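What follows is one structure encoded as structure tokens, with my remarks underneath.
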Amino acid sequence: TSSGLKRWPGSSGAVCDPLPRLPDRAKFAQGRVAAMTVVAPLLADYQDPEKCSRDEVLVDGGEGPEGDVLPTIFNLANILIGVGVLSVPFALKQSGYFTLLLIFLVIYVTGKAGKWIGVAIDLVSNTKDASSRPPNAWDYGFLAEVCVGPRFRAFINAVTVMEVWLALVSFMVLSGGNAAIVFPLVPRVYTIMFIGMSSSMLIFVPQGVYSHLSMLSTVAMFVAIMAIVATTSLLPRWADPYHAIGGAALLNVGNIPRSIGIIIFCFAGHPCFPAVRTGMKTPRKWGLCVDVSFLIAFVYYACFGLFGYIVFGTDLAQSVADNLA
């Protein structure tokens with residue numbers, strides 16, 4: 019309407035009066051904090067109050083209440099699925115088929131943590147500190163400072179930096195090992211050094227470039243999976259570890275800590291979750307997005323790990339790429 023009120027379809031001219039405006043998390047990437055219109059009914063003018071609820075959130079210029087659910091699921095799944103999958107078959111070699119249960123347990127715990135991140139952001143969004151900075155600055159350190167204090171912020175930042183650093187080191191080692199397979203005449207130590215230096219240079223590439231490459235990387239991942247399945251299907255014999263080693267293929271208690279460490283590495287993307295959460299237009303759908311993305315991750319890691327273990331059995335290397343070579 020001319021007064022700026024939101025008109026609901028089928029309301030016979032009735033309108034909903036907006037409540038006080040809240041920070042809009044959907045447009046923080048544009049360098050400004052816009053307005054998110056939260057609507058509530060004016061019963062004096064509205065014919066059907068049930069069609070106008072506080073749960074419906076409309077963003078000026080947005081795509082509607084459900085417009086960003088699929089992109090959020092894609093972003094979260096893209097964060098969760100990574101190079102760590104190459105070591106999942108080795109985790110099954112360590113602890114047997116019981117590792118599939120470990121994958122489920124790790125996903126349950128990390129999925130709960132992902133939902134709690136959304137709850138924490140909801141809590142701090144109503145504080146005075148949140149109104150003084152854009153949502154893209156609501157990281158782990160900010161959440162810790164608002165909830166506990168500045169000293170806890172410093173502690174959380176230190177833990178986060180250490181976690182990201184160790185994840186990067188593991189990524190460079192795995193990627194360098196894979197590069198050594200592609201270039202067998204080059205010593206592995208040099209391929210790891212090259213991957214580390216090239217990854218450091220990529221820090222200076224604008225983030226907008228990566229957004230255009232995410233779909234390409236996803237397509238490349240599925241092409242690689244199909245190539246692995248096609249290659250292994252041509253093998254004359256699969257290992258079938260249960261028939262080869264018996265009960266040890268089901269459970270090896272002594273190696274469970276190693277398997278858990280390998281699996282947890284696959285889910286080290288939580289520091290990226292606050293940015294995805296604050297960018298949602300429909301934050302009430304965060305829990306659904308987390309559940310679906312972690313379900314995709316479980317199917318991906320469990321199927322790939324099980325397939326690699328059945329094919330190569332006790333001959334599995336730390337990275338299944340070595341076996342494929």
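Position 135 of the sequence shown, counting from 1, maps to 153 under my numbering, and the rest follow consecutively.
The C-beta atom is built at its ideal place from N, Cα and C for all residues, glycine as well.
What you are looking at is a predicted structure, and each value in this text was computed from that prediction instead of being measured.
- In the structure shown, the three-state DSSP call for residue 166 is coil.
- Using a Cβ distance threshold of 8 angstroms, residue 97 and residue 307 do not count as a contacting pair.
- The distance from the Cβ of residue 328 to that of residue 124 is about 21 angstroms, inconsistent with a contact at the 8 angstroms cut-off.
- It is roughly 33 angstroms from the alpha-carbon of residue 331 to the alpha-carbon of residue 233.
- Restricting attention to alpha helix (DSSP H) runs no shorter than 4 residues, the stretch 129 to 200 encloses them at 146 to 149, 158 to 165, 168 to 200, ordered along the chain.
- Counting along the chain, residue 327 sits inside the alpha helix (DSSP H) bounded by residues 304 to 330.
- Straight-line spacing of the CA atoms in residue 239 and residue 146 works out to 44 angstroms.
- In the structure shown, the three-state DSSP call for residue 300 is coil.
- Under a 10 Å Cβ-count criterion, residue 176 is classified as exposed, with fewer than 16 other Cβ atoms of the shown protein chains found around its own Cβ.
- Counting the other CB atoms within 10 Å of its CB gives residue 156 a total of 16 or more, which places it among the buried residues.
- Taking a contact to require three or more Cβ pairs closer than 8 angstroms, the stretch 119 to 134 and the stretch 308 to 323 qualify as touching.
- Sequence-distant Cβ neighbours of residue 250 in its own chain, meaning closer than 6 angstroms and more than five residues away, are 329.
- In the DSSP assignment, residue 275 falls within the unbroken alpha helix (DSSP H) covering 274 to 284.
- In the displayed model, residue 206 falls within a helix according to three-state DSSP.
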